[in-house]
Amino acid sequence: MGLAVAIMLLPPLLAGGSWGEWFYQGLVSLVIACPCALVISTPVSMVAALASAARQGVLVKGANYLELAARLRAIAFDKTGTLTEGRPEVTEVIALSDHTEREVLDIAAAIESRSQHPLAAAIVRYAESNGVRPPPADDLQAIPGQGATAMLSGQRYWIGSHRAFQLRGQATLELDERLEQLGSRCHSVVVIANDEHVCGLIALGDKVRANAKDSLAALHRAGIRHLVMLTGDNSSTAHAVGQAVGVDAIRSELLPEAKVAAIEELLAEHHHVGMIGDGVNDAPAMVRASLGIAMGTVGTGTALETADIVLMSDDLSRVAWLIGHAHRTLRVIRQNIVASLGVKAAFVLLTILGHATLWTAIAADMGVSLAVTFNALRLLHSNAERS
1 MGLAVAIMLL
11 PPLLAGGSWG
21 EWFYQGLVSL
31 VIACPCALVI
41 STPVSMVAAL
51 ASAARQGVLV
61 KGANYLELAA
71 RLRAIAFDKT
81 GTLTEGRPEV
91 TEVIALSDHT
101 EREVLDIAAA
111 IESRSQHPLA
121 AAIVRYAESN
131 GVRPPPADDL
141 QAIPGQGATA
151 MLSGQRYWIG
161 SHRAFQLRGQ
171 ATLELDERLE
181 QLGSRCHSVV
191 VIANDEHVCG
201 LIALGDKVRA
211 NAKDSLAALH
221 RAGIRHLVML
231 TGDNSSTAHA
241 VGQAVGVDAI
251 RSELLPEAKV
261 AAIEELLAEH
271 HHVGMIGDGV
281 NDAPAMVRAS
291 LGIAMGTVGT
301 GTALETADIV
311 LMSDDLSRVA
321 WLIGHAHRTL
331 RVIRQNIVAS
341 LGVKAAFVLL
351 TILGHATLWT
361 AIAADMGVSL
371 AVTFNALRLL
381 HSNAERS
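So the sequence shown is numbered by this note's numbering: it starts at 1 and just counts up by one.
Set out below in structure tokens:
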């Protein structure tokens with residue numbers, strides 16, 4: 001507006017120009033200064049990009065998260081339910097200390113009956129399929145990242161991971177070797193014990209996602225420098241899965257707070273870090289990461305609520321697509337901004353030189369507004385093949 005007033009007043013006052021002509025040129029400058037194209041450049045692009053992502057099975061909870069996806073340099077993955085299918089099945093029940101397999105299943109199913117963890121659900125399913133009707137558990141307590149404990153028939157029992165078992169101080173060389181052997185076969189092992197002895201072990205197998213290796217390779221091609229797996233599972237199982245999918249680093253036997261610490265280390269090195277998970281234990285790390293991504297089908301309610309982005313079909317290949325889509329969206333926004341400012345700058349110059357007309361200014365303003373809108377709408381067709 002200040003420039004328009006200057007164009008109207010200064011030439012007639014300083015150079016003897018025609019008041020009518022320069023008043024007209026001031027009106028032209030006001031028309032071309034209308035910021036319509038510039039204002040709509042970003043929101044139209046973002047809305048189109050978010051809609052396109054939803055069509056591809058990727059729910060992005062806000063435009064700022066799409067922008068963050070383009071900045072990622074490292075991504076951390078949970079194992080169970082993320083790199084694996086999240087549908088583990090019991091492969092072996094090992095009874096110890098004069099217990100029977102039925103007793104081990106009774107104890108495990110009673111404690112796990114109220115847990116949402118995929119391993120717990122698998123144990124309960126297996127127990128039910130074998131006709132086990134576990135006794136009710138009293139004083140049930142979940143121990144984050146370790147397992148759970150409960151009272152059964154007046155005695156306290158505990159169920160948890162290999163790492164938590166070691167922390168309890170009940171580990172022996174023979175048991176550790178047995179757990180390592182099971183873990184090397186990509187089996188997750190659950191330990192059942194009381195305060196006196198180890199009652200038994202339950203081995204569970206979970207298939208690596210069929211497209212996990214290709215999806216991680218695509219992430220490297222998309223510009224992600226570092227891929228790391230963060231899991232609470234035992235070292236043998238973690239390394240077997242990690243080598244199968246091709247991560248750059250593996251960190252195993254992590255409690256939830258250790259996952260957060262690992263994310264902080266990655267942030268210090270790479271600045272923009274994503275965390276992909278599906279469980280309650282992943283939620284703190286997802287919050288601490290620059291961008292939290294949840295698996296939509298197998299993910300728990302806590303993970304879905306915490307995440308910034310949800311993969312509705314649990315398809316890891318969508319992550320690489322999303323990063324490419326985010327880069328394309330930012331390119332379109334830059335194109336729109338440059339076009340908007342460029343046309344305006346050209347018409348301001350023409351106005352100062354006295355060569356612009358009102359109708360050409362209106363046409364240019366509306367034309368560039370339509371141009372940036374149609375350019376943004378191209379993002380609606382940003383499919384996997386084109387990106």
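Where is the CB? At the ideal position from N, CA and C, for every residue including glycine. From a predicted model like this one, the values you see are computed outputs, not experimental measurements.
Beta-carbon proximity of residue i to residue j, cut-off 7 Å
{"i": "ALA229", "j": "VAL247", "result": "A small correction: the amino acid at residue 229 is Met; Ala does not occupy that position in the sequence shown. Yes, the pair counts as a contact, with Cβ atoms nearer than the cut-off."}
{"i": "ALA122", "j": "VAL368", "result": "no"}
{"i": "HIS99", "j": "CYS199", "result": "yes"}
{"i": "TYR65", "j": "ASP308", "result": "yes"}
{"i": "ALA69", "j": "ILE263", "result": "no"}
{"i": "ALA110", "j": "ALA137", "result": "yes"}
{"i": "LEU105", "j": "ALA120", "result": "no"}
{"i": "ILE7", "j": "GLY26", "result": "yes"}
{"i": "GLY57", "j": "ARG318", "result": "yes"}
{"i": "LYS213", "j": "VAL191", "result": "no"}
{"i": "THR297", "j": "VAL280", "result": "no"}
{"i": "GLY81", "j": "MET295", "result": "yes"}
{"i": "ARG73", "j": "ARG225", "result": "yes"}
{"i": "ILE94", "j": "LEU201", "result": "yes"}
{"i": "SER290", "j": "VAL273", "result": "yes"}
{"i": "VAL332", "j": "ALA376", "result": "yes"}
{"i": "ALA222", "j": "ALA63", "result": "no"}
Buried versus exposed, by CB contacts within 10 Å (16 or more), residue i
{"i": "GLU253", "result": "buried"}
{"i": "ALA49", "result": "buried"}
{"i": "ILE143", "result": "exposed"}
{"i": "SER129", "result": "exposed"}
{"i": "MET1", "result": "exposed"}
{"i": "PRO43", "result": "exposed"}
{"i": "PRO118", "result": "buried"}
{"i": "ASN211", "result": "exposed"}
{"i": "LYS61", "result": "exposed"}
{"i": "VAL28", "result": "buried"}
{"i": "GLN116", "result": "exposed"}
{"i": "LEU219", "result": "buried"}
{"i": "GLY389", "result": "The structure shown has nothing for residue 389, since the chain only spans 1 to 387."}
{"i": "GLN146", "result": "buried"}
{"i": "LEU379", "result": "buried"}
{"i": "GLY131", "result": "exposed"}
When the options are compared against residue i, the one with the closest alpha-carbon
{"i": "SER161", "options": "LEU173, PRO136, GLN155, HIS187", "result": "HIS187"}
{"i": "ALA148", "options": "MET1, ALA37, GLU112", "result": "GLU112"}
{"i": "LEU3", "options": "CYS34, ALA15, GLY16", "result": "CYS34"}
{"i": "LYS207", "options": "ARG87, MET151, VAL332", "result": "ARG87"}
{"i": "GLN141", "options": "GLY154, ILE159, ALA127, GLU196", "result": "ILE159"}
{"i": "LEU267", "options": "GLN116, PRO11, ALA285", "result": "ALA285"}
{"i": "ASP278", "options": "ALA63, SER115, GLY292", "result": "GLY292"}
{"i": "PHE77", "options": "LEU349, ILE362, ASP282", "result": "ASP282"}
{"i": "LEU179", "options": "GLU196, LEU204, ARG225", "result": "LEU204"}
{"i": "LEU441", "options": "ALA150, LEU59, GLU196, ARG114", "result": "Residue 441 is absent from the model: the chain starts at 1 and stops at 387."}
{"i": "LEU227", "options": "HIS270, ALA261, LEU201", "result": "HIS270"}
{"i": "THR373", "options": "ILE40, TRP22, VAL5, SER18", "result": "ILE40"}
{"i": "LEU358", "options": "GLN155, VAL273, ILE32, GLY16", "result": "ILE32"}
{"i": "ARG406", "options": "ARG102, LEU349, ALA150, ARG209", "result": "For residue 406 there is no data in the structure shown, the boundaries of the chain being 1 and 387."}
{"i": "ALA356", "options": "GLY232, GLU177, LEU30, PRO256", "result": "LEU30"}
As assigned by DSSP and simplified to three states, the class of residue i
{"i": "GLY81", "result": "helix"}
{"i": "ALA384", "result": "Reliability fails at ALA384, whose pLDDT of 49 lies under 50, so the model's placement of it is uncertain and no value is given."}
{"i": "ASN64", "result": "helix"}
{"i": "ILE224", "result": "coil"}
{"i": "GLU402", "result": "Residue 402 is absent from the model: the chain starts at 1 and stops at 387."}
{"i": "LEU140", "result": "strand"}
{"i": "GLY17", "result": "coil"}
{"i": "LEU370", "result": "helix"}
{"i": "HIS99", "result": "coil"}
{"i": "CYS34", "result": "coil"}
{"i": "GLY296", "result": "coil"}
{"i": "ARG378", "result": "helix"}
{"i": "VAL280", "result": "helix"}
{"i": "VAL124", "result": "helix"}
{"i": "MET1", "result": "coil"}
{"i": "GLN155", "result": "strand"}
{"i": "ALA289", "result": "coil"}
{"i": "MET312", "result": "coil"}
{"i": "SER161", "result": "coil"}
{"i": "ARG251", "result": "strand"}
{"i": "GLY26", "result": "helix"}
{"i": "THR231", "result": "coil"}
{"i": "HIS270", "result": "helix"}
{"i": "SER115", "result": "coil"}
Any non-hydrogen atom of the ligand MN closer than 6 Å to residue i Cβ
{"i": "GLY292", "result": "With respect to the ligand MN, the structure offers nothing, as it holds no ligand at all."}
Decide if the segment 300-307 is in contact with the segment 323-341; the criterion is three or more beta carbon pairs, one per stretch, under 8 Å apart.
-> no
If you pair each beta-carbon of the segment 67-86 with each one of the segment 334-351, do three or more pairs fall below 8 Å?
-> no
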